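First to last, the protein sequences are chains A and B.
Numbered as in my numbering, the first sequence ends at 247 without a single skipped number.
Numbered as in my numbering, the second sequence ends at 1339 without a single skipped number.
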Amino acid sequence: MILLIARRELRSLFAMPSTWFILAILQFIFAWFFLARLEAFLEIQPQLAQLANPPGVTVTIAAPLFFTAGFLLMMLVPMFTMRLIAEERRNQTLALLLSSPLSERHIVLGKFFGLMSFLLALTVMLPAIIYTLALGTTLDHGLILSNCIGLILLTASYVALGLYVSALTSQPVIAAIGALAVLIGLWLADMAATAADSPWHQLSPLYHFQNFNAGLLDSSDAAFFVLFTAFFLLLTMKRLHNNRVYG
Amino acid sequence: MRAHILGYIQDCLQLRSPLTLSNATPEITLSARKLTRSFGKQQVIHDVTLELKRGEVLGLLGHNGAGKSTTLQMLTGCLLPDSGEIEICGINLLKNPAQAKAHLGYLPETAPLYRELSVADFLIFAARLRGIESAEVPGALSQALQRCGLDSVKNKIISTLSKGYQQRTGIAQAIIHRPAVIVLDEPTVGLDPAQIRDIRRLIRELGNTSSVILSTHLLSEVKNVCDRVEIMQHGKLIYGDTSARMQNYGQVSGFTLTLHNPPALSELQNLPGVSEVEQLSATQFRILHPADNNPSGILLSQAAQLGWQLEQLTPLQTSLEDIFVQITGEQEAVKGETE
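Shown next as structure tokens:
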């Protein structure tokens, strides 16, 4: 049942022209950023070579590219999550799901995994771009892997939050703006806190991505993402149940 | 769990065989007891009790805002009642929602369509959602397409279809898994007369094999489609009867009669069964009689024997609108008195 709903979600996504448009734009931005970093790297390479322990090509090109992707997804994910439940509610299709023999768990997880698999396909393009460098140089596979894992966890946390905000309203636009506001709020809380040990940092998903970005697999960061995602998925299920209670 | 649900579906399919249909007491497919529901402080549904037998079409009639849609939402599990019980095919909807809902098809006020999908894709999704095994999906799909007359548009994207076809797609998703109980919320709203006729015919047909409950504020719908009527007002069921009997509600039984060679008034008066005769003109009479004793047969044979030259005999008819206004009006009056 979860799979069924996930597949339906994917199908609807790809049926919309805007999805393809966003995909194209995003690929363009990734490619452009990648080439810009590559050019910068080639320019400073002679100076880097004089250092005792110079940063490699993966650190100078791949890591910033992943971080940019993480930042861009913060803006983009709400555009995708806004439809998930708000639009079902607006088009009255939620009644179909609610009157079918399945529980809130199926609906929420189906939608979550449906969008995740789409975003996964989108982010797979990043390592694909980076591995073109393997033609001319050696890459740090460990760093790329930790970035990939981090980006997937980061995306999952965005999607879970967006899904919950989408469950709160019947207007997709409000869901998008709401999710964006919360994500940017979390990011600003992180940016605005100057002290290195400020608890505000801990709230921001992007902050927890930094260790992955630097090639550090920290279990506490991973735990943050898992808890963050699970928390909002559970809230969404609760919200859908309340839909039946409060109408 | 899945095997369990399938088992129930099979049970229901078997129960639909002609053998069981011919049983003297048809099985009760839906029963709701003492449903109440409030939104905030306002109680919108008061003690609604409903029962539906297999092969029966029940019309839920009422003004806008009478609580019809809320009641149907509760019957389909989209809304939880504050108190009361709902059983579908004997399974408690509130305790075992998944099993109970497998026997349920629901068309809300706005058809729940994923407009970006094609009709066939959407119906396949709906079928799988209701727990039909993938092997049985093609059969169910072709049957639903055929029943709802959607064969010609099955590969079209739903958003490109006309309102009538969209509505049929909405009905198709509600019946594709051949549920025992079909709930339709104002199924003919916004359709043109030809489409309304088609959909009514379809509902009538569905009523032969399943139980159908439909809400409407169109009285002609009740007359043409429903076996039984429940009238709802201010969240209460205020009147329930068979559709035919409702049409006789409060109606004076009688007919107008045109005789070219009329007998004396007293002669008509003395016919068995006639309770009152009124002369409207030289040749026209209005005859009233008790509902259970219709003297028209005797009158016809007398007219032929005695050469009264009968030209016309028209039963008195009050329109369904009158009856509805009468019933809801009476209720208002009762309410006014008690308050």
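The beta-carbon is built from N, C-alpha and C at its ideal position, and this holds for glycine as well.
Keep in mind the model is a prediction, meaning the values are calculated, not measured.
- Cβ atoms of G110 (chain A) and I2 (chain A) come within 8 Å of each other, at about 5 Å.
- At a cut-off of 9 Å between beta carbons, R105 (chain A) makes no contact with chain B.
- Any Cβ of chain B closer than 9 Å to the Cβ of M1 (chain A) would place that residue at the interface, and such an atom is present.
- With contacts defined as CB atoms closer than 9 Å, R1245 (chain B) and V1225 (chain B) fail to qualify as a contacting pair.
- Residue B:L1214 holds the alpha-carbon nearest to the alpha-carbon of V1181 (chain B) among B:S1162, B:G1170, B:L1214.
- Within the DSSP bridge table, the entry for S1118 (chain B) names B:I1157 as partners.
- Excluding residues up to 5 positions away in sequence, K1068, H1217, I1231, M1232, Q1233 lie with their Cβ nearer than 7 Å to the Cβ of G1062 (chain B) in the same chain.
- Among the residues of the region 1039–1070 of chain B, those with a Cβ less than 7 Å away from any Cβ of chain A are F1039, in the order of the chain.
- Apart from sequence neighbours up to five positions away, no residue of its chain approaches G136 (chain A) with a beta-carbon distance below 7 Å.
- Of all alpha-carbon atoms in A:K238, A:I129, A:T155, the one lying nearest the alpha-carbon of L206 (chain A) is that of A:T155.
- Annotation: the continuous alpha helix (DSSP H) that includes Q1166 (chain B) extends over 1163–1175.
- For the options B:D1082, B:A1127, B:H1260, B:D1185, the alpha carbon positioned closest to that of E1311 (chain B) is the one of B:H1260.
- By the C-beta criterion, the region 1029–1042 of chain B is judged to be in contact with the region 1074–1081 of chain B, since at least 3 inter-stretch pairs fall below 8 Å.
- Apart from sequence neighbours up to five positions away, the residues of its chain that approach T60 (chain A) with a beta-carbon distance below 6 Å are F41, ordered along the chain.
- Closer than 9 Å to the CB of Y246 (chain A) there is at least one CB belonging to chain B.
- In the pairwise beta carbon analysis, the region 198–217 of chain A is classified as not touching the region 92–108 of chain A: fewer than three pairs are separated by under 8 Å.
- By the criterion of at least three beta-carbon pairs nearer than 8 Å, the region 32–50 of chain A is not in contact with the region 138–152 of chain A.
- Q202 (chain A) sits in a helix when the DSSP states are folded into three classes.
- Assignment of beta strand (DSSP E) within the region 27–112 of chain A, counting only whole runs of 3 or more residues, yields no such run.
- Assignment of alpha helix (DSSP H) within the region 1066–1152 of chain B, counting only whole runs of 4 or more residues, yields 1068–1075, 1097–1101, 1119–1129, 1137–1147 in chain order.
- Chain-order list of chain B residues neighbouring M16 (chain A): E1116, by C-beta distance under 7 Å.
- Under the three-state reduction of DSSP, G136 (chain A) is assigned to coil, being neither helix nor strand.
- Note on geometry: alpha-carbon atoms of M237 (chain A) and V108 (chain A) lie some 6 Å from one another.
- Straight through space, the alpha carbons of T19 (chain A) and S12 (chain A) are spaced by roughly 10 Å.
- The beta-carbon distance between A62 (chain A) and L143 (chain A), rounded to whole angstroms, is 7 Å. This is short enough to meet the 8 Å contact definition.
- Straight-line spacing of the CA atoms in P127 (chain A) and S170 (chain A) works out to 37 Å.
- No Cβ-Cβ contact shorter than 9 Å links F66 (chain A) with N211 (chain A).
- When 8 Å is used as the limit between beta carbons, L1113 (chain B) is near these residues of chain A: N91, T93, in chain order.
- The Cβ neighbour count for W1308 (chain B), taken over all protein chains shown within 10 Å, is at least 16; the residue is labelled buried.
- In this structure, DSSP gives P1315 (chain B) an extended state, which the three-state scheme calls strand.
- Taking a 10 Å sphere around the C-beta of F1122 (chain B), we find 16 or more other C-beta atoms and assign the residue as buried.
- In terms of Cβ geometry, V165 (chain A) and G178 (chain A) form a close pair [threshold 9 Å].
- Counting the other Cβ atoms within 10 Å of the Cβ of A1174 (chain B) gives 16 or more, which makes it buried.
- At least 9 Å separates the beta-carbon of A175 (chain A) from that of M75 (chain A).
- A Cβ of chain B is located within less than 9 Å of the beta carbon of L4 (chain A).
- Put simply, the CB of Y1106 (chain B) is near chain A, with a gap under 9 Å to one of its CB atoms.
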